[in-house]
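I have placed the structure first, in the form of structure tokens, so that the comments after it can refer back to it.
2 protein chains.
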Amino acid sequence: MIENLNNIDLNHRGIKLFPWPTEYDRSYRPLESASYWCPEIEKADKNTLDNIIFFKLKNIVSWAWEKSTFYKNKWKEAGVHPDILKDLSDFSKFPIVHKSDLRLSQEASPPFGDYLCVPEEEIARVHGTSGTTGKPTLFGIGRGDMERIAEAHARILWGAGLRPTDTVFIGSFFSLYWGSWGALVGCERLGAKVIPFGAGIPGQTAVAAKLIARVKPTCFYGTPSYAFRLAEVAKKEGFDPRRDFSFRIMFFSGEPGAGISSTKKQLENIFGAKVIDMGSTAEMTPWMTNAECEYRTGMHLWQDIVYTEVCDAKNFKPVPFGSEGTPVYTHLERTSQPMIRFVSGDLTVWTNEPCPCGRSYPRLPKGIYGRIDDMIIVRGVNLYPNAIEDILRSIPGVGNEYRVVVSKNGSMDELKLLVEHEGTSDFDVLVSLKNKIAEKIQIMAGLRPTVEIVEPNSLPRTEFKSKRVMDYRK
Amino acid sequence: MIENLNNIDLNHRGIKLFPWPTEYDRSYRPLESASYWCPEIEKADKNTLDNIIFFKLKNIVSWAWEKSTFYKNKWKEAGVHPDILKDLSDFSKFPIVHKSDLRLSQEASPPFGDYLCVPEEEIARVHGTSGTTGKPTLFGIGRGDMERIAEAHARILWGAGLRPTDTVFIGSFFSLYWGSWGALVGCERLGAKVIPFGAGIPGQTAVAAKLIARVKPTCFYGTPSYAFRLAEVAKKEGFDPRRDFSFRIMFFSGEPGAGISSTKKQLENIFGAKVIDMGSTAEMTPWMTNAECEYRTGMHLWQDIVYTEVCDAKNFKPVPFGSEGTPVYTHLERTSQPMIRFVSGDLTVWTNEPCPCGRSYPRLPKGIYGRIDDMIIVRGVNLYPNAIEDILRSIPGVGNEYRVVVSKNGSMDELKLLVEHEGTSDFDVLVSLKNKIAEKIQIMAGLRPTVEIVEPNSLPRTEFKSKRVMDYRK
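These protein sequences, in sequence, are chains A and B.
The opening residue of the first sequence carries number 1 in the numbering used here; numbering runs sequentially from there.
The opening residue of the second sequence carries number 1001 in the numbering used here; numbering runs sequentially from there.
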């Protein structure tokens, strides 16, 4: 295995695969005109890519076995051992890690859990989940991880089309949430100028709009919800985002919106920019290795950094390309708190059909379109909120915000949509909009919802992640 | 001059003074037990320190002359030239820079002004003033500046007592405002763990309190207003900041509170930690070089990084030690937008009396206690808001928040104080509190205010900088 890797010379890219974990030379940067940060990896043939992945996988599995009682106990219990890994296909014999495992481990071994694989003094940064459903899960990020994540993000952002000449506006709040920090360190490593504006402080979105019109950043990072909010506030301040802003690339994470095809189109129309979907799941912090390239054919899985298997949601064995499953993620470079077969609970389909960019990584052509647990069952029909969003945003005349409300009327489930219109006062147009929405949802779901058309800006806004589904049945 | 400097060998500190700007080796760190980051500079005799300052000053003045029309024009107009600098004392012949000069320059040469001394592509980060009084002034921070500021802050934080074993909670928002970023890069360079929590998002202070009780950071950075707010919210959540938190050092900037002696005492009582005052003025971003050492005898002026003259507020010539004046700041290592004789408008007294720490830098023993323009004149009496705060926080029974309200009653000025009590329901205690406040203010100012005692938590709170004076006369 290691002999095979010796054929890959990455010295001129500043990359040393041996010894694990990979070492990177921070002074390396591709030519401005280059399409790839490291074509030898990104366009590698299957065998080479698999070899790189397997080499890193062997190492991180041994590392976790040696350094953490969490993995040692889990694997002993499952009857596996690092030595059984003879081939990539052996890996699916390893048990999966659930979010709840991490919570329990942090309860028992506070504050970072017994899956912390470095001494506490090696931790450079403490981040965490937002903790909306209880105590945040903490992420202790080692110094080495901080270096390596900058490299990973720079490579991925280069693939999205960012260049050192860009100025990037970061419009997502800087706190426990990692997304904005990841964008920052990636852009810094890539050599771009950064405006780390953040978001969420009351009244700051108008300041943001004025600043963007003045400094003319060329790239944007945030959540889709914040981008919609920014556009609305900008218009109120007298700006047209297409004319007065200068975004050419907008990259998103934190919410699935940028991967929903009609949401992507709507954002591209509003801002006149390429909309790039990125993301992963909080527990994979600080890595965010599902990311579209500038061709926007669905997020690539950057497998040599985080190894992702799309798996059956019951037995967690990888499903064939073309099938639906849930991503199961494995850090390949994270020494501090490696996640090894962490099940995200998201839903997606994967494919290995070629992308025009030429990268060898598999893709998620429909993005992340739901979660195992966010499916709503209404009168026996399975509905995914993102599928509803996709329909709504594809209908001309629909405004920026909506809500999905599920309730019970006696023993009967009721599905109601509150949908903002775009600002017409023509009654006939509104009636026809209402009917069109009901009809399109009925075609998709076989279920006709009640639709209420409401005034623009009448529904609450958020600057981070929107909660658009209300289920009042329980 | 340069020959003298050759006697200072800083190689073992990773510092190369030649060529300017200073180069730092990021792998250097003092022994954990060392009191100084670089004793050769911090404890230098006057002649050596002056030589270092003068060497850097010569260089930055020449740099600004060559690279910016702003300084060239300003200096030509004033009839000065870099060559007239034969000695440190010549420097006060150079004209001062006002905040309004920067605004005009950015209007005429958007967005960074014609005092930008590096090509735009060298800018790594864009920050700015909060823009509460109009358009923010933008700070373009060069890549080299980002490296050097990490060194400066690490050195200063070391002097405040921070060590690599510390975990630092940053409770000030991450946006255009630089303070929190400066704390972050300084702590990172010093090798401490950082929790970059931020502040200002509604509802997050309770999350912060729980997180602090759980992770037990040993250091805190934020504004005094936020520390008071955090203590209040923590108590509501059932925590006692002395018992359940573990802060040993709290360092502050953004507001002068930590330098007001009774505010400092109050914070030290609430948290059981050393309270360290730091600060400068937004335009000196990213440098924050007024900073106390752990002996807390007033902020040292770290003169070899930013050269500060305390000057007469009219003719801007340095005043003798022991006298009041306004700080006039000069960056010595900032290549991107150097401020050369920037007048802050703050008021302070400086001294060169020795500090127990042994550092040679002059100090501001009373901190920054006002601004030239925030003096309130009530019935002909000059009042500084910070002097009022100092009195209020020294009186037992006074709660956390207060307001100073000035108005007109016919032709007569009225001074009214709204002061929260600490939570007693004893009427006699409240009456005596009211009288004591009126009396102490009268002794200081020769003017008896109306005092209204109000309920705890009845006045609005902020998580950033408090506005406590309302003048309704105009």
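Glycine included, C-beta positions come from ideal geometry on N, C-alpha and C.
Among the options, whose alpha-carbon lies nearest the alpha-carbon of residue i?
i, options, result
"Ile376(A)", "Thr330(A), Ile123(A), Met470(A) and Ile156(A)", "Met470(A)"
"Asn1073(B)", "His1012(B), Asp1101(B) and Thr1335(B)", "Asp1101(B)"
"Asn352(A)", "Pro365(A), Gly345(A) and Val343(A)", "Pro365(A)"
"Ser1033(B)", "Gly1325(B), Ala1152(B), Gly1128(B) and Arg1163(B)", "Arg1163(B)"
"Thr1462(B)", "Pro1202(B), Asp1087(B) and Trp1181(B)", "Pro1202(B)"
"His1331(B)", "Pro1354(B), Thr1281(B) and Phe1316(B)", "Thr1281(B)"
"Val1061(B)", "Ser1035(B), Pro1082(B) and Phe1070(B)", "Pro1082(B)"
"Gly397(A)", "Lys67(A), Thr297(A) and Gln266(A)", "Gln266(A)"
"Lys193(A)", "Ser1253(B), Gly1257(B) and Glu1120(B)", "Glu1120(B)"
"Pro356(A)", "Ala234(A), Glu294(A) and Leu301(A)", "Glu294(A)"
"Gly1014(B)", "Asn1007(B), Trp1037(B), Phe1316(B) and Leu1005(B)", "Trp1037(B)"
"Asp1166(B)", "Tyr1177(B), Tyr1221(B) and Gln1204(B)", "Tyr1221(B)"
"Ser175(A)", "Ala313(A), Thr48(A), Tyr329(A) and Leu138(A)", "Leu138(A)"
"Thr1263(B)", "Pro1327(B), Tyr1226(B), Gly1380(B) and Ala1234(B)", "Tyr1226(B)"
"Arg473(A)", "Glu414(A), Ile443(A) and Trp178(A)", "Glu414(A)"
"Pro338(A)", "Gly298(A), Asn11(A) and Asn59(A)", "Asn59(A)"
"Ser1360(B)", "Lys1416(B), Leu1418(B) and Met1299(B)", "Met1299(B)"
"Asn400(A)", "Phe321(A), Pro224(A) and Ser261(A)", "Pro224(A)"
Confirm, please, whether the CB-CB distance from residue j to residue i is below 8 Å.
i, j, result
"Cys219(A)", "Phe245(A)", "no"
"Leu1116(B)", "Gly1171(B)", "no"
"Ser1092(B)", "Pro1318(B)", "yes"
"Thr1504(B)", "Val1310(B)", "Because chain B in this structure spans residues 1001 to 1474, residue 1504(B) falls outside the shown range and cannot be described."
"Trp302(A)", "Ile156(A)", "yes"
"Ile1096(B)", "Val1431(B)", "no"
"Pro21(A)", "Gly191(A)", "no"
Less than 7 Å between the CB of residue i and some heavy atom of the ligand PLP, yes or no?
i, result
"Asn1047(B)", "You won't find the ligand PLP in this model; it holds no ligand whatsoever."
Quick one: grab the DSSP three-state call for residue i.
i, result
"Pro1039(B)", "helix"
"Thr1069(B)", "helix"
"Gly259(A)", "helix"
"His98(A)", "coil"
"Arg371(A)", "strand"
"Asp413(A)", "strand"
"Lys1274(B)", "strand"
"Phe1197(B)", "coil"
"Phe18(A)", "coil"
"Leu459(A)", "coil"
"Arg341(A)", "strand"
"Leu138(A)", "strand"
"Glu1489(B)", "In this structure chain B extends from 1001 to 1474, so residue 1489(B) is not present and cannot be described."
"Ile1053(B)", "helix"
"Glu1032(B)", "coil"
"Pro1318(B)", "strand"
Quick one: give me the first and last residue of the alpha helix (DSSP H) that residue i is part of.
i, result
"Val407(A)", "Before going on, a small fix: residue 407(A) reads as Ser here, not Val. Taken as a continuous stretch (DSSP letters only), Ser407(A) belongs to no alpha helix (DSSP H), being part of the beta strand (DSSP E) at Val398 to Asn409."
"Cys1187(B)", "Gly1179 to Leu1190"
"Thr1129(B)", "Premise fails: Thr1129(B) is in no alpha helix (DSSP H) and is neither H nor E."
"Lys1151(B)", "The question names Lys, but residue 1151(B) is Glu in the sequence shown. Counting along the chain, the alpha helix (DSSP H) containing Glu1151(B) begins and ends at Arg1143 to Gly1159."
"Thr1205(B)", "Gln1204 to Val1215"
"Asp244(A)", "Pro241 to Asp244"
"Pro1327(B)", "No alpha helix (DSSP H) contains Pro1327(B), which is instead part of the beta strand (DSSP E) from Glu1324 to His1331."
"Glu1294(B)", "Here Glu1294(B) belongs to no alpha helix (DSSP H), and DSSP marks it neither H nor E."
Taking residue i as the query, report the chain C residues whose CB atoms sit under 7 Å from its CB, ordered along the chain.
i, result
"Leu176(A)", "Looking for chain C here will not work: the only protein chains present are A and B."
Need the endpoints of the beta strand (DSSP E) that residue i sits in, please.
i, result
"Val118(A)", "Run containing Val118(A): none; DSSP gives neither H nor E here."
"Asp1390(B)", "Element bounds for Asp1390(B): not the beta strand (DSSP E) but the alpha helix (DSSP H), Pro1385 to Ser1394."
"Val451(A)", "Thr450 to Val454"
"Ile1437(B)", "Taken as a continuous stretch (DSSP letters only), Ile1437(B) belongs to no beta strand (DSSP E), being part of the alpha helix (DSSP H) at Phe1427 to Ala1445."
"Phe1251(B)", "Ile1249 to Phe1252"
"Met470(A)", "Val469 to Asp471"
"Ile1084(B)", "Where Ile1084(B) is concerned, there is no enclosing beta strand (DSSP E), given that its DSSP letter is neither H nor E."
"Met299(A)", "Met299 to Leu301"
"Tyr1361(B)", "No beta strand (DSSP E) contains Tyr1361(B), which DSSP labels as neither H nor E."
request  = Could you run through the stretch 214-230 of chain A and flag, in chain order, every residue whose CB is less than 7 Å away from some CB of chain B?
outcome  = Arg214 and Val215
request  = May I ask you to list, following chain order, the residues of the stretch 302-331 of chain A that have a beta carbon less than 7 Å from some beta carbon of chain B?
outcome  = none
request  = Residues of the stretch 1094-1113 of chain B with a CB closer than 8 Å to any CB of chain A: list them in chain order, please.
outcome  = Pro1110 and Pro1111
query = the stretch 114-130 of chain A: which residues have C-beta closer than 7 Å to a C-beta of chain B, in chain order?
reply = Glu121, Ile123, Ala124, Arg125 and Val126
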